[in-house]
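So for the sequence shown, our numbering puts the first residue at 17; every next one is plus one. First the structure, in the form of structure tokens, and then the observations on it.
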Amino acid sequence: MPFKLHVRDLAEMLPMPDVPEQYGARNDEEQHILQLVQDGLQSGATIPVDDAFFARLQVRIAQKA
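And the structure:
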């Protein structure tokens, strides 16, 4: 995109990025992830989780990789 040199405002000189017409999932996998996130957000109050939980989770994830 070329610069618009005929304008006086610097912000108007810069090319605008292409913005997708709609935001959201682009395929079934992304749709599934978004649904999991929404379900988690709507599941209720949070529970306290300590650092040891995340350490164990990282070990389990590393073992599966």
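Backbone N, C-alpha and C define an ideal beta-carbon position, used for all residues, glycine too.
Asked	Found
Candidates LEU73, GLN58, SER59: which alpha carbon is nearest VAL65's?	LEU73
Report the three-state DSSP secondary structure of VAL75 (helix, strand or coil).	helix
Quick one: grab the DSSP three-state call for ALA68.	helix
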